[in-house]
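Residues 22 to 207 in the working numbering are what the sequence shown lists, from first letter to last.
Backbone N, C-alpha and C define an ideal beta-carbon position, used for all residues, glycine too.
Below is one structure, written out as structure tokens; comments come after it.
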Amino acid sequence: MTTFLVLLRGINVGGRNKVPMAALRTCLEECGFSAVTTFIASGNVILTSEHDAAATAARIEAALPAAFDLDSDLVRVLVLSGDQLRAVVRDRPAGFGDQPDVYHSDAIFLIGVGAAEVMPLFKPREGVDRVWPGDGVVYSQRLSAQRTKSRLSAIIASPLYQSMTIRSWKTTVTLADMLTARDGLA
């Protein structure tokens with residue numbers, strides 16, 4: 022049995038693809054997963070599975086549209102091990118996320134694409150945005166006082182945007198801490 026973080030892309034965003042967390046937990050338990058926990062309503066799930074990451078993702082991707090009224094073109098599933106998520110936090114750029122009062126920092130998790138493939142989509146505005154490639158992630162930081170001048174939203178126009186799911190840095194770190202505690206490494 023392995024504990025995984027499941028990131029669901031495209032649920033509970035802008036009033037679309039509404040998935041209540043209690044119903045999601047029930048759905049995943051009925052799929053045979055155990056110790057299912059959700060964190061905030063944006064599609065963060067920690068669960069235990071007897072399957073590997075790919076099989077776990079496939080089972081969840083098949084179950085969600087059967088259980089909920091979803092625009093399945095928007096919904097994607099990314100399954101990460103605790104080690105993978107801890108590496109995202111550990112391998113962040115120097116100082117990334119350390120000044121939440123100055124910068125809005127996000128981890129943009131990649132689903133089936135690499136950072137090298139998506140980096141050309143980002144056109145950071147000097148003095149406002151910065152992006153760094155990582156392993157399975159793009160780190161994005163925006164100067165909070167000038168967020169309205171950010172060019173991050175330009176990635177939405179790309180078909181590759183459907184291969185990304187964004188979490189705030191605070192959420193990412195909290196999820197890593199939750200997995201560490203669940204794995205008994207705390």
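Would you call the segment 74-89 in contact with the segment 97-109, where contact means no fewer than 3 C-beta pairs closer than 8 Å?
In short, these stretches touch, since the Cβ pair count reaches three.
Short Cβ contact (9 Å threshold) for Leu200 with Leu26
The Cβ atoms of Leu200 and Leu26 lie closer than 9 Å to each other.
Locate the beta strand (DSSP E) running through Leu68, then write down its first and last residues.
Counting along the chain, the beta strand (DSSP E) containing Leu68 begins and ends at 65-70.
When the Cα atoms are used, what is the spatial distance from Arg146 to Val109?
Within the model, the alpha-carbon separation for Arg146 versus Val109 is close to 24 Å.
Met42 - DSSP class collapsed to helix/strand/coil:
In this structure, Met42 counts as helix in the three-state DSSP scheme.
Flag this pair as yes or no: are the beta carbons of Val66 and Leu28 separated by less than 9 Å?
Yes, the Cβ-Cβ distance between Val66 and Leu28 is below 9 Å.
When the Cα of Arg203 is compared with those of Thr47, Thr58, Thr193, which residue comes out closest?
Taking only the C-alpha atoms, the option nearest Arg203 is Thr58.
Straight-line Cα distance separating Asp150 from Thr169
So the two alpha carbons sit approximately 11 Å from each other.
Inspect the beta-carbon positions of Asp127 and Arg30 and report whether they are closer than 9 Å.
A distance of 9 Å or more separates the beta carbons of Asp127 and Arg30.
Under the rule that 16 or more other beta-carbon atoms within 10 Å means buried, what is Val40, buried or exposed?
The residue in question, Val40, is buried, as its Cβ has 16 or more Cβ neighbours within 10 Å.
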